[in-house]
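Data block below; observations after.
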Amino acid sequence: MKIPVCAIFDIGKTNKKIFFFNENYEIVFEKSMQFPETQDEDGDPCEDVDLLKSWVTSSFEEVSALDEYEIKALNFSTYGASFVHLNSAGEVITPLYNYLKPYSETLQKQFYDTYGGELRFAQQTASPVLGNLNSGMVLYRLKYEKPALFAQIHHSLHLPQFLHFLFTSKYFSDITSIGCHTNLWNFEKNQYHEWLEKEEILEKLAPINFQNESFVTSTYPSLRIGTGLHDSSSALIPYLETFNEPFVLISTGTWCISLNPFNHIPLTTEELQYDCLAYMQYTGKPVKASRLFAGNEHEQQTKRLAIHFQKPNDYFKTVKYQVESIEKLQHENLNTGESLRGARRPPMQESLFGQRDLSVFETYEEAYHQLILDIVSQQLLSTELVLHNAPVNKLFVDGGFGKNEIFMNLLAKAFPEMEVYAASVAQATSLGAALSIHQDWNTKALPQNLIELKHFVV
Numbered sequence: 061m062k063i064p065v066c067a068i069f070d071i072g073k074t075n076k077k078i079f080f081f082n083e084n085y086e087i088v089f090e091k092s093m094q095f096p097e098t099q100d101e102d103g104d105p106c107e108d109v110d111l112l113k114s115w116v117t118s119s120f121e122e123v124s125a126l127d128e129y130e131i132k133a134l135n136f137s138t139y140g141a142s143f144v145h146l147n148s149a150g151e152v153i154t155p156l157y158n159y160l161k162p163y164s165e166t167l168q169k170q171f172y173d174t175y176g177g178e179l180r181f182a183q184q185t186a187s188p189v190l191g192n193l194n195s196g197m198v199l200y201r202l203k204y205e206k207p208a209l210f211a212q213i214h215h216s217l218h219l220p221q222f223l224h225f226l227f228t229s230k231y232f233s234d235i236t237s238i239g240c241h242t243n244l245w246n247f248e249k250n251q252y253h254e255w256l257e258k259e260e261i262l263e264k265l266a267p268i269n270f271q272n273e274s275f276v277t278s279t280y281p282s283l284r285i286g287t288g289l290h291d292s293s294s295a296l297i298p299y300l301e302t303f304n305e306p307f308v309l310i311s312t313g314t315w316c317i318s319l320n321p322f323n324h325i326p327l328t329t330e331e332l333q334y335d336c337l338a339y340m341q342y343t344g345k346p347v348k349a350s351r352l353f354a355g356n357e358h359e360q361q362t363k364r365l366a367i368h369f370q371k372p373n374d375y376f377k378t379v380k381y382q383v384e385s386i387e388k389l390q391h392e393n394l395n396t397g398e399s400l401r402g403a404r405r406p407p408m409q410e411s412l413f414g415q416r417d418l419s420v421f422e423t424y425e426e427a428y429h430q431l432i433l434d435i436v437s438q439q440l441l442s443t444e445l446v447l448h449n450a451p452v453n454k455l456f457v458d459g460g461f462g463k464n465e466i467f468m469n470l471l472a473k474a475f476p477e478m479e480v481y482a483a484s485v486a487q488a489t490s491l492g493a494a495l496s497i498h499q500d501w502n503t504k505a506l507p508q509n510l511i512e513l514k515h516f517v518v
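Below, the structure is given as structure tokens:
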């Protein structure tokens, strides 16, 4: 008897994966691939969209032939801020531009001068000024820098919806992609921003699938196909399905993103200045978020520690949490006017540790404890931005820092009024994409053990 499964394509910047989830949301099959990047017409690196398209379609044909599984549903989760531009024949006509591609300062100034200034526009769209990372600005750039190419665009689809198009030939937009630092959505009016119509861009955007409806096609008559999700919003779904009471999730990696799905208060000027933004749940509700470049900072500073103390780059993995070291360091910090909660607000991209003289530390272990103290002092400030006026009593941490016992113990100390947990979810973005279409393919109730928790107590 074949195992009923939901297939998920999880497309990251580096790793491209396909998973099968059974009806208990256990991973029963997985396959991954990495592709070399190509270059756009300006010589900037970008995703090879033709290679991605070929791999997605051929991989699905391959896994569909596996005898032991019956694929009941298919959905997609991908990185955001990336449009695929199609002509009237459904052909890709531009590169899949990298969101880190430099943006013209002149064009950016023209845009914000026309539409109310950076601060006011950012408040309306919950989108800090991020250049090509504001995906709507890609369309604005094409209109003014490549008007002939812009005129050929029939539909611009965010990457998850482009993958849906490959299987259904249907054009859709999705609120989780539109509502994520795109400059497209007016959060104050809960509709597309007026600039899109004025610039004749709105007509190039596909209808929004507000109901998160999945579809069947003549090509796949027994398969429910979802329209896809932005990965950050998808990763939040397992938590929303598991916990009824309010919580904040700190998703850690290169960026540490604090997500509060229960804070719907519009972004303030201060929050925007400290890299706050809003994501959109697949249900259409906003999620206030703050970003901290803490994973990158940890990587850079541990390299510095390794050189100074003549240790391997990954030596930090051997360092155990030492209460005595923390107490000693905190006492010294208090004597110099610092404290965990009361420190002068540090830069949100670099910790205070980068300014410290490493020669004052007797050992690598002591210096590493100070690094984590400095990162947690930033994390406290960053997370408090999304807690303001929307208190919660549970704080979950997933990703790399969730496995760091020094970080987790210090975070619990920084938030003594909250229950602090390290959370582990196998392939959270893929799982969220499967859960989002649960009712369309799965007759079983949701399992209770989707998330593994470890409680950290002060």
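In this text, residue positions in the sequence shown follow our numbering: the first is 61, and each later residue adds one.
C-beta atoms are modelled at their ideal positions from N, C-alpha and C, and glycine is treated no differently.
In the DSSP assignment, L134 is bridged to A67 and I285.
Within the same chain, Cβ atoms closer than 8 angstroms to the Cβ of L223 are found at F69, I71, V116, F136, T138 and G288, the five residues on either side in sequence being excluded. Between the beta-carbon of N320 and that of K348 there is about 5 angstroms, and that keeps the pair under the 8 angstroms contact cut.
Under the Cβ criterion (8 angstroms, minimum of three pairs), the region 377–385 does not count as touching the region 336–354. Taking a contact to require three or more Cβ pairs closer than 8 angstroms, the region 316–332 and the region 225–232 do not qualify as touching.
Q99 counts as exposed, since fewer than 16 other beta carbons sit within 10 angstroms of its beta carbon.
Check the Cα spacing between E101 and each of F95, L112 and I153: the tightest is with I153.
D173 counts as exposed, since fewer than 16 other C-beta atoms from the protein chains shown sit within 10 angstroms of its C-beta. Annotation for G459: the continuous beta strand (DSSP E) segment containing it runs K454 to G459. Between the alpha carbons of F421 and T314 lies a distance of about 26 angstroms. In the DSSP annotation of this structure, the continuous segment of the beta strand (DSSP E) that includes N75 starts and ends at N75 to F81.
Assigned with DSSP and collapsed to three states, Q370 falls in coil, not helix or strand. Excluding residues up to 5 positions away in sequence, F80 and N82 lie with their Cβ nearer than 6 angstroms to the Cβ of V88 in the same chain. In the DSSP assignment, V347 is bridged to Y339. In this structure, DSSP gives W255 a helical state, which the three-state scheme calls helix. Annotated three-state conformation of S311 is strand, per DSSP. DSSP lists K76 as the beta-bridge partner residues of M93.
Remark: C-beta atoms of G460 and T312 approach each other more closely than 9 angstroms. The continuous beta strand (DSSP E) containing A483 extends over residues E479 to S484. Beta-bridge partners assigned by DSSP to L146: V152 and H215. For I317, the enclosing beta strand (DSSP E) covers residues C316 to N320. Of the residues D291, T185 and E205, the one whose Cα lies closest to the Cα of W255 is T185. Between P220 and T503, the alpha-carbon positions lie close to 25 angstroms from each other. DSSP places F516 in no alpha helix (DSSP H) but in the uninterrupted beta strand (DSSP E) bounded by E512 to F516.
When the five nearest sequence neighbours on each side are left out, no beta carbon in the same chain lies closer than 8 angstroms to the beta carbon of A125. DSSP, read as helix, strand or coil, puts T503 in coil. Taking L265 as the centre and dropping the five residues before and after it, the same chain places the C-beta of S233 closer than 6 angstroms to its C-beta, in chain order. From the listed residues A486, H498, L495 and S496, the smallest Cα separation to E512 is found for A486. Around the beta carbon of F270, a 10 Å sphere encloses fewer than 16 other beta carbons of the protein chains shown; the residue is thus reported as exposed. When DSSP states are grouped into helix, strand and coil, Q382 belongs to the coil group. Using a C-beta cut-off of 8 angstroms, the region 235–251 makes contact with the region 279–296, since at least three inter-stretch Cβ pairs fall below that distance.
By the C-beta density criterion, T166 is exposed, having fewer than 16 other C-beta atoms within 10 angstroms. Taking a C-beta distance under 9 angstroms as the contact criterion, F516 and Y299 do not qualify as a contact pair. Contact annotation: E426 and K473 have beta-carbon atoms that are not nearer than 9 angstroms.
Contact between V198 and S350 is ruled out by a C-beta separation of about 25 angstroms, above the 8 angstroms threshold. Taking 9 angstroms as the cut-off, the beta carbon of K62 is found no closer than this to the beta carbon of R284.
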